[in-house]
Each structure stands twice: as C-alpha cells, then as structure tokens.
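The sequence shown begins at 737 in the numbering used here and counts up by one. Each remark here refers to the structure printed beneath this line.
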Amino acid sequence: MSRPAPPARGSGAASPDEGVEEDVGDNEKAVELLAEGLMAHYLPDLQRSKQALQELTQNQVVLLDTLEQEISKFKECHTILDINALFSEAKYYHNKLVNVRKEMLLLHEKTSKLKKRALKLQQKRQKEELEREQQREKEFEREKQLTAKLAKR
Numbered sequence: 737m738s739r740p741a742p743p744a745r746g747s748g749a750a751s752p753d754e755g756v757e758e759d760v761g762d763n764e765k766a767v768e769l770l771a772e773g774l775m776a777h778y779l780p781d782l783q784r785s786k787q788a789l790q791e792l793t794q795n796q797v798v799l800l801d802t803l804e805q806e807i808s809k810f811k812e813c814h815t816i817l818d819i820n821a822l823f824s825e826a827k828y829y830h831n832k833l834v835n836v837r838k839e840m841l842l843l844h845e846k847t848s849k850l851k852k853r854a855l856k857l858q859q860k861r862q863k864e865e866l867e868r869e870q871q872r873e874k875e876f877e878r879e880k881q882l883t884a885k886l887a888k889r
C-alpha cells in the first residue's frame with residue numbers, strides 16, 4: 737500500500753486537515769495490525785494456560801471428592817471404634833452383673849444355712865430348757881415325796 741507523500745507545509749494547495757485524516761486512518765490500521773499480532777502471539781499461550789487451568793480445576797474437584805470420601809471413611813472407622821468401645825464397656829458391665837448375681841446367690845445360700853442353723857439351735861435350747869424344767873419338776877416331786885415320808889414317821 738503506497739501512500740501519497742504528504743504535501744509540503746507552507747503550500748496553500750492542500751488543507752491542513754487532510755493529512756490528519758490519513759494519519760488517523762493509518763494509525764487505526766496500525767493499531768489493528770498490532771492488536772492482531774499481539775493476539776496471534778499471546779493467544780495460543782493464553783489458550784494453553786486456560787486449558788491447563790481447566791484441567792487443574794477438574795483435578796482439584798476430583799481430589800476434593802476423593803478427600804471427602806477418605807474423610808468419611810475415617811469417620812466410619814472412628815464410629816466403629818466408638819461402637820467397639822461401647823461393646824467392650826457393655827461386656828465389662830455384663831461380667832460385673834454376673835459377678836454380683838453369683839455373690840447374691842452365695843449370700844442367699846449362706847443366709848439360708850444360717851437360718852437353718854439358728855432354727856436348730858433354738859430348737860435345741862428349747863428342748864434343753866424343757867428337759868431342765870422337767871428335771872426340776874422331777875426333783876421337786878421327789879423332794880416333795882421325801883418330805884412327805886419324813887413327816888409321816
């Protein structure tokens with residue numbers, strides 16, 4: 737594109753605005769060409785960067801999903817540990833209850849034996865008291881008979 741030579745300054749044949757319009761048009765064209773060149777130079781790198789950022793974002797989403805799954809697995813493990821602790825505690829208290837029951841049965845047996853023994857002792861005492869009372873009565877009767885025989889003589 738050949739451009740006409742600018743008119744000489746001082747000649748009155750051309751108006752001063754004519755050269756400005758051509759310069760503005762040339763400047764717009766130059767700006768457009770520079771913009772296209774700049775875009776052509778940086779656009780492929782920017783598009784690759786955009787693609788890389790999209791892949792990175794997708795990878796981060798996948799990583800976040802995986803991380804959430806792992807966290808839920810840890811929570812499940814923690815819950816299982818809590819359940820195991822609960823079962824261990826239940827087993828401990830069950831054993832304690834069984835021991836208390838055994839102890840109560842032993843105490844019941846002992847009290848039953850003691851009651852039987854106390855009853856036997858009470859019966860034995862009553863029998864001995866009865867025998868002593870009968871013995872006193874016999875001795876009283878005997879003395880009475882002896883005193884009666886002495887008085888007759």
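The C-beta atom is built at its ideal place from N, Cα and C for all residues, glycine as well. Just so we're clear, the structure is a prediction, and the values are computed from it rather than from any experiment.
Own chain, CB closer than 7 Å to residue i, minus 5 neighbours either side, in chain order
| i | result |
| --- | --- |
| T883 | none |
Close Cβ partners of residue i (< 8 Å) along its chain, the five nearest in sequence each way excluded
| i | result |
| --- | --- |
| L833 | none |
- Query: Which ranges does the alpha helix (DSSP H) cover as unbroken runs of at least 4 residues, wholly within the region 770–810, from first to last along the chain?
  - Reply: none
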